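First up is the structure itself, then whatever we jot down about it.
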Amino acid sequence: MSQVFRKEVRFSGSGGQGLILDGIVLARAGVLDNYKVTQTQSYGPESRGGSSRADTIISDGDIYYPEAQNIDILVALTQVACDKFIFEMKEDGILIVDNNLVKNISVSIGKIYEEPFTEITLEKLGTELPMNIVTLAFMVKITKIVSEKSLEQAIRDSVKPMHIELNIKAMNLGFDLAKKYL
Amino acid sequence: MAKEKKEKVVENMETEVVAEDTRKVVLMQGNEAVARGALAAGLDFYAGYPITPSTEIAEILSEELPKKGGKFIQMEDEIASICAIIGASLAGAKAMTATSGPGFSLMQEGIGFAKATETPCVVVDVQRGGVSTGLPTKPSQGDIMQSKWGSHGDNPAIVLYPHTVKECYELAIRAINLSEKYRTCVTLLLDEVLGHMREAVKLPDISNVRIVNRLRPTVPPEWYKHYDENQKYISPVASYGEGYRFHVTGLAHDALGFPTNKASEVAAQMKRLKRKITHNIRDLVQIESYMMEDATVAIFAVGICARSAKAAIKAAREYGIKVGLLRPITIWPFPDDAVKKMLRDVDTIIVPELNEGQLINELHRLTKDKADGKIIPIQRSDGEMITPTHIFRVIKEAH
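Chains as they are written, first to last, in the numbering used here: chain S, 1 to 182; chain F, 1 to 399.
Have a look at this one:
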């Protein structure tokens with residue numbers, strides 16, 4: 001059987017960090033790149049706080065089970081999320097954390113990227129709200145899971161018109177942060 | 001290899017979508033697909049009380065229905081919601097509501113009333129976890145039996161169960177079409193995961209969607225009978241405000257709709273309600289057979305569990321295990337014939353479901369050999385999904 005392209009991405013942290021929007025934007029970008037895509041989420045009944053995660057699966061084959069089981073790319077924005085989901089990663093997976101929020105990484109994993117995403121977002125953009133898009137853009141630049149053009153279009157399609165400008169700035173900030181690793 | 005073979009057979013697919021998709025691929029949520037499907041089927045009226053995980057259906061219809069001249073009302077609770085859609089339907093509207101388990105429980109009285117009065121309408125139940133208010137954001141398949149037996153008395157049940165976002169769209173159309181065709185309340189059951197899941201889908205142009213409208217009376221008002229005993233199962237239906245006079249009551253009623261205790265008239269009503277299902281099984285029942293041609297092990301599952309099953313089947317086939325899936329798309333009426341054939345054809349049947357055992361009892365009803373270990377349950381009701389790995393392990397043990 002020819003090897004199908006299939007990547008499982010999980011965005012994890014706490015409710016209110018914008019993780020589900022990350023999952024949706026990535027899924028939308030995957031659709032623009034002509035992949036098959038599923039996007040699911042898990043969260044509690046509260047609108048802020050509590051653990052939250054969003055899974056996006058991008059593949060060129062059919063996707064039956066829509067949740068990530070062998071995670072290729074994990075974005076973890078709380079210590080709890082990192083401790084929990086690192087064990088669901090592939091050995092050669094890519095882990096991306098905010099190193100102000102995640103201090104300990106308990107096992108070794110393929111590649112680990114640590115940046116103070118929340119702090120940098122607040123410093124450069126005057127608000128920490130678009131930290132999710134900074135992180136997402138950083139991940140896309142590193143992994144090339146979708147094209148940068150589709151990511152930008154997906155952001156434009158997913159946020160309210162009044163917030164597009166800020167989120168595009170956030171995307172560019174994420175791309176810039178990734179450059180030193182490339 | 002196996003994958004290239006015809007691997008999917010949907011029986012009785014008188015599909016509501018008559019032409020290939022032409023529009024571009026979009027990312028869409030299951031709940032949104034339900035709302036879009038209902039609009040495509042000609043929905044005129046929605047009344048509901050928002051509840052996770054169904055709320056997006058109400059949100060989208062509150063925006064979209066008024067644009068096409070329809071009406072959206074947020075009611076004070078679910079009892080009022082079901083009553084409002086029954087009233088709207090009696091006035092001629094295609095009407096729908098959406099809820100989750102707790103609201104579905106409250107709606108049962110109204111659902112029975114809609115069925116008894118043969119008033120077309122659709123109830124969407126996006127199931128969530130738990131007894132009572134349970135787990136608002138977690139999946140469960142706990143309402144399978146409620147969708148059949150929730151309302152008292154021998155009421156007819158037509159219940160459809162999608163497993164992809166695209167199917168949410170198609171079955172929302174079909175639910176409205178069947179409600180119109182059979183003059184009854186049809187239920188669309190979703191899993192929380194599917195309601196909230198986004199998937200890449202192509203939707204058809206609305207001009208390619210087959211739409212069914214209820215039969216209208218051709219007789220003058222003075223000859224009109226709301227439940228015409230000369231019609232076989234489904235008689236034409238007039239709307240309030242058109243000059244036709246009829247009475248609507250949940251009490252057993254005669255052809256004009258007035259209460260009756262006369263055994264022959266009550267029997268006629270009960271027979272009609274029953275026969276609209278039993279005499280139309282071929283039209284109502286849809287199933288998907290997936291890799292069943294050579295299967296010795298079968299999985300019997302609906303909704304999200306069928307997706308886990310397909311992933312497990314793919315893995316097991318690579319090990320050379322002949323395993324397939326039988327998936328009811330219509331769960332009520334239950335696909336007895338297809339299940340009996342499966343019981344004859346395979347050695348083992350695995351039944352994964354997100355509850356403490358509801359579908360499996362229907363299989364037990366259809367087999368004499370309950371205790372021989374042929375039917376293996378996988379049951380989970382803790383708010384988490386049954387994974388492909390779990391099903392794969394059971395397939396390997398059973399093989």
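From the three backbone atoms N, C-alpha and C, an ideal C-beta is built for every residue, glycine too.
Bear in mind the structure is a predicted one, so any value in this text is a computation, not a measurement.
Tell me the rounded alpha-carbon separation between residue i and residue j.
i               : j               : result
V4 of chain S   : A68 of chain S  : 16 Å
L182 of chain S : L125 of chain S : 24 Å
I51 of chain F  : E76 of chain F  : 12 Å
E192 of chain F : H226 of chain F : 38 Å
V159 of chain F : D72 of chain S  : 38 Å
G153 of chain F : A252 of chain F : 12 Å
S2 of chain S   : D283 of chain F : Confidence is the limiting factor: at S2 of chain S the pLDDT is only 49, short of 50, which leaves the residue's position unreliable, though a coordinate-based value still follows. Straight-line Cα distance between these residues: approximately 40 Å.
F334 of chain F : S158 of chain S : 41 Å
Q269 of chain F : G101 of chain F : 29 Å
K5 of chain F   : A312 of chain F : Any reading at K5 of chain F needs caution, since the residue's pLDDT is 43, under 50, leaving its predicted position unreliable; the model's value is listed next. Taking the straight line joining both Cα atoms gives about 18 Å.
T143 of chain S : P120 of chain F : 52 Å
Y319 of chain F : V266 of chain F : 58 Å
H390 of chain F : C305 of chain F : 11 Å
N155 of chain F : K340 of chain F : 24 Å
K271 of chain F : G87 of chain F  : 25 Å
E16 of chain F  : T78 of chain S  : 46 Å
E401 of chain F : V201 of chain F : This structure cannot settle anything about residue 401 of chain F, because the visible part of chain F is limited to 1 through 399.
S147 of chain F : A157 of chain F : 7 Å
H279 of chain F : P45 of chain S  : 44 Å
R6 of chain S   : Y35 of chain S  : 9 Å
Assuming residue i contacts residue j under a Cβ cut-off of 8 Å, what Cβ separation, rounded to an integer in Å, is found between them?
i               : j               : result
L203 of chain F : G30 of chain F  : 13 Å between Cβ atoms; not a contact.
M145 of chain F : Q358 of chain F : 5 Å
A27 of chain S  : R344 of chain F : 43 Å between Cβ atoms; not a contact.
S14 of chain S  : S52 of chain S  : 6 Å
R327 of chain F : E288 of chain F : 4 Å
G383 of chain F : G129 of chain F : 4 Å
V75 of chain S  : T135 of chain S : 6 Å
V31 of chain S  : L27 of chain F  : 5 Å
L215 of chain F : I234 of chain F : 7 Å
K141 of chain S : A178 of chain S : 4 Å
I360 of chain F : V351 of chain F : 4 Å
Classify residue i as buried or exposed, calling it buried when 16 or more other Cβ atoms lie within 10 Å of its own Cβ.
i               : result
T218 of chain F : exposed
Y64 of chain S  : buried
F87 of chain S  : exposed
Q141 of chain F : buried
Y169 of chain F : buried
D294 of chain F : exposed
N213 of chain F : exposed
A2 of chain F   : Only weak support exists for where A2 of chain F lies, its pLDDT of 40 falling under 50; the value from the coordinates is given anyway. A2 of chain F is exposed by the Cβ-count criterion.
P130 of chain S : buried
N167 of chain S : buried
H247 of chain F : exposed
P388 of chain F : buried
V131 of chain F : exposed
K180 of chain S : exposed
W223 of chain F : exposed
N177 of chain F : buried
Using the beta-carbon of each residue, which ones in chain F are nearer than 8 Å to residue i?
i              : result
G44 of chain S : T137
V37 of chain S : L27, R198, E199 and A200
Q41 of chain S : H196
V31 of chain S : V25, V26, L27 and A200
I24 of chain S : L27 and R198
How about residue i and residue j: do their beta carbons lie closer than 8 Å?
i               : j               : result
V297 of chain F : H399 of chain F : yes
R156 of chain S : I145 of chain S : no
V124 of chain F : M107 of chain F : no
I376 of chain F : T348 of chain F : yes
E114 of chain S : N99 of chain S  : yes
M139 of chain S : I96 of chain S  : yes
A316 of chain F : I206 of chain F : no
Q74 of chain F  : G48 of chain F  : yes
L21 of chain S  : N172 of chain S : no
R183 of chain F : E118 of chain F : yes
V9 of chain S   : T40 of chain S  : no
Interface residues of chain S around residue i at Cβ under 9 Å?
i               : result
P388 of chain F : Y64, Y65 and Q69
M291 of chain F : Result: empty, since nearest Cβ-Cβ is about 12 Å, beyond 9 Å.
V237 of chain F : Neighbours of V237 of chain F on chain S: none; closest Cβ ~41 Å, over 9 Å.
V302 of chain F : None at all; the shortest Cβ gap to chain S is about 14 Å.
Under 7 Å between beta-carbons, which chain F residues line up against residue i? List them in chain order, please.
i              : result
A27 of chain S : L27 and R198
Would you mind telling me which residues of chain F sit closer than 9 Å to residue i, beta carbon to beta carbon, in chain order?
i               : result
K103 of chain S : By Cβ distance, chain F contributes nothing, its closest Cβ being about 28 Å from K103 of chain S, past 9 Å.
Please list, in chain order, the chain S residues whose beta carbon lies closer than 7 Å to that of residue i.
i               : result
K166 of chain F : The premise fails here: K166 of chain F is roughly 12 Å from chain S at the closest Cβ pair, so nothing lies under 7 Å.
Going along chain S in order, which residues have a C-beta closer than 8 Å to the C-beta of residue i?
i               : result
K271 of chain F : Under the 8 Å cutoff, chain S gives no residues; its nearest Cβ is about 43 Å from K271 of chain F.
A311 of chain F : Y64 and Y65
I308 of chain F : Here residue 308 of chain F turns out to be Ser, not Ile, going by the sequence shown. Neighbours of S308 of chain F on chain S, chain order: Y64 and Y65.
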